[in-house]
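**Student:**
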Amino acid sequence: MIRTFLAVVVAWYVLKAAGRHVPCARRLVVRCSPWTVRLHTWVLSAPATFCYIAVFTCFTLVQKTAPPRLVDIMTAVDSTNLDRLQKNAPSVLATSAFWVANHGEGLALYVIGFATVVAWAEHRYGTPRIVVIAVSGHIFGSLITEELLRHAILVGRAPAKLAFATDVGVSYMLVAGLAAAVLIMSGRTRIVATVLLLGVLLTPMVVSHSIWDLGHVIAALCGLVTAVLCRLSGPLRRPPQELSA
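Start counting the sequence shown at 102; every next residue gets the next number (my numbering).
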């Protein structure tokens with residue numbers, strides 16, 4: 102996906118350069134310009150979201166090009182597991198959110214989710230509030246999940262080795278942002294989005310019964326609660342389509 106994106110970007114700028122001298126290239130640039138202007142406006146309307154996409158995409162590029170053993174070591178050090186949280190909680194809570202789990206698997210889905218729904222939510226809430234919402238989902242989702250895991254280990258419901266498991270990823274930030282977006286949708290869109298989000302969150306829990314899948318539900322709830330509080334702090338901004346009207 103990264104190579105495809107870079108290829109498209111390079112091709113566009115080559116086309117623009119050719120448009121200065123080649124009439125057919127110039128006409129194509131003119132035809133595409135309304136779309137590129139809209140895309141440019143969309144990106145600028147959600148700076149935090151697209152900066153975050155750039156960061157975790159760069160980290161994924163490292164995962165794809167570095168030796169797998171080295172990546173395993175780096176992600177283990179940055180994991181929000183019980184062992185690392187006990188030793189250096191502030192650091193791992195910050196750095197764990199930059200890695201895409203499973204060596205970058207599913208990067209395209211994360212980029213799509215952030216670049217569409219979460220970017221829209223950022224425009225409505227504003228950058229400061231969407232940052233608070235996403236970070237709350239990641240931090241509180243991680244801490245609550247690990248506390249539940251600690252209890253499960255103490256009562257013998259989970260193996261002790263899970264205290265050292267690798268737990269990184271951008272997914273807690275994503276589900277918190279998605280929950281915040283669903284909160285401010287309306288009509289049928291809200292109903293459909295709620296059903297889809299519940300399906301994404303609950304299906305893995307039913308299938309795998311993993312503590313990490315429960316963590317996604319907790320992160321989404323933390324994001325939802327924070328979003329409700331953020332809404333009380335002030336009115337929402339105008340929808341993106343109103344700005345372009």
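Heads up, the beta-carbon is just placed ideally off N, CA and C, and yes, glycines get one too.
Tell me which same chain residues have a C-beta within less than 6 Å of the C-beta of Asp184, skipping the five on either side of it?
**Tutor:** Counting from 1 along the sequence shown, the entry for residue 184 is found at position 83. Excluding sequence neighbours, Asp184 sits near Ala264 and Phe265.
**Student:** Give me the Cβ distance between Gly335 and Leu279, rounded to the nearest whole Å; I'm assuming they're in contact under 8 Å.
**Tutor:** In the sequence shown, counting from the first residue as 1, residue 335 sits at position 234. In the sequence shown, counting from the first residue as 1, residue 279 sits at position 178. Incorrect: roughly 22 Å between the Cβ atoms, too far for contact.
**Student:** Mapping DSSP to helix, strand and coil, what is Pro169?
**Tutor:** The count along the sequence shown starts at 1 and reaches residue 169 at position 68. Correct three-state label for Pro169: helix.
**Student:** Applying the 10 Å Cβ sphere with the 16-neighbour rule, what's the burial state of Val109?
**Tutor:** Residue mapping note: residue 109 aligns to position 8 of the sequence shown, counting from 1. Under this definition Val109 is an exposed residue.
**Student:** So Val269 and Trp200 are supposed to be a Cβ contact under 8 Å. How far apart are they, rounded?
**Tutor:** Taking the sequence shown and counting its residues from 1, the one referred to as residue 269 is at position 168. Taking the sequence shown and counting its residues from 1, the one referred to as residue 200 is at position 99. Between Trp200 and Val269 the Cβ distance is about 4 Å, and since that is below 8 Å, they are a contact.
**Student:** Return yes when the Cβ of Ser243 is within less than 9 Å of the Cβ of Leu194, no when it is not.
**Tutor:** The residue labelled residue 194 in the question sits at position 93 within the sequence shown. The residue labelled residue 243 in the question sits at position 142 within the sequence shown. Yes. Within cutoff.
**Student:** Could you give the C-beta distance for Leu284 and Ala328, rounded to a whole number, given that I count them as a contact under 8 Å?
**Tutor:** Position 183 of the sequence shown, counting from 1, holds the residue named residue 284. Position 227 of the sequence shown, counting from 1, holds the residue named residue 328. Their Cβ separation, rounded to whole angstroms, is 5 Å, which keeps Leu284 and Ala328 in contact under 8 Å.
**Student:** For Asn182 and Ile312, I'd like the C-alpha separation in whole angstroms.
**Tutor:** Within the sequence shown, the letter at position 81 stands for residue 182. Within the sequence shown, the letter at position 211 stands for residue 312. The straight-line gap from Cα to Cα measures roughly 12 Å.
**Student:** Straight-line CA distance for Leu344 to Gly288?
**Tutor:** Taking the sequence shown and counting its residues from 1, the one referred to as residue 344 is at position 243. Taking the sequence shown and counting its residues from 1, the one referred to as residue 288 is at position 187. Caution applies to Leu344, whose pLDDT of 44 falls short of 50 and renders its modelled position unreliable; the model cannot decide the point.
**Student:** State the start and end residues of the unbroken alpha helix (DSSP H) segment that holds Glu223.
**Tutor:** Position 122 of the sequence shown, counted from the first residue, corresponds to residue 223. Annotation: the continuous alpha helix (DSSP H) that includes Glu223 extends over Ala220 to Tyr226.
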